[in-house]
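Right, one structure below, let's go through it.
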Amino acid sequence: MRIAVGLIAATLLVGPALAQTPSFHVPMGGDRTLTDEEKVRKAQREQDYKSAIGKIPDQKPTDPWGSVRDAESPSKTTKKGAQTGAKQ
Numbered sequence: 897m898r899i900a901v902g903l904i905a906a907t908l909l910v911g912p913a914l915a916q917t918p919s920f921h922v923p924m925g926g927d928r929t930l931t932d933e934e935k936v937r938k939a940q941r942e943q944d945y946k947s948a949i950g951k952i953p954d955q956k957p958t959d960p961w962g963s964v965r966d967a968e969s970p971s972k973t974t975k976k977g978a979q980t981g982a983k984q
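Numbering (this note's numbering), first residue to last: 897 to 984.
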């Protein structure tokens, strides 16, 4: 009985370990060359992508915390406070 439980435990532990090893080669199509028609379609897709990106207007930077902050910049108040609070 102990041997059977040990074999079952070993089998359950070995399964995920074998799934992580690259020893089983499954071809994914990365080695094949493109045909002329596929090259033309790929070039057309790339050109369409670049033209679509070019049509997007430039956006001004947004400040999501702008309504929370004070009107004056924090760097000015920090410098002012550091200068007046310094002992001479």
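Where a beta carbon is used, it is the ideal one built from N, C-alpha and C, also for glycine.
Self-check item: Own chain residues within Cβ distance below 6 Å of Thr931, not counting five before or after
Solution: The beta carbon of Thr931 lies closer than 6 Å to none in the same chain, with the five residues before and after it left out.
Exercise. From the DSSP output, in three-state form, read off Ser963 for me.
Key: coil
Exercise. Return the CA-CA distance between Gln955 and Arg937, expressed in angstroms with no decimal places.
Key: 31 Å
Self-check item: Extent of the continuous alpha helix (DSSP H) to which Lys935 belongs
Solution: Asp932 to Gly950
Self-check item: Heavy atom of the ligand ATP within 7 Å of Ala905 beta-carbon
Solution: Of ligands this structure carries none, so the ligand ATP is not represented either.
Quiz item: Start and end of the alpha helix (DSSP H) containing Pro953?
Solution: Premise fails: Pro953 is in no alpha helix (DSSP H) and is neither H nor E.
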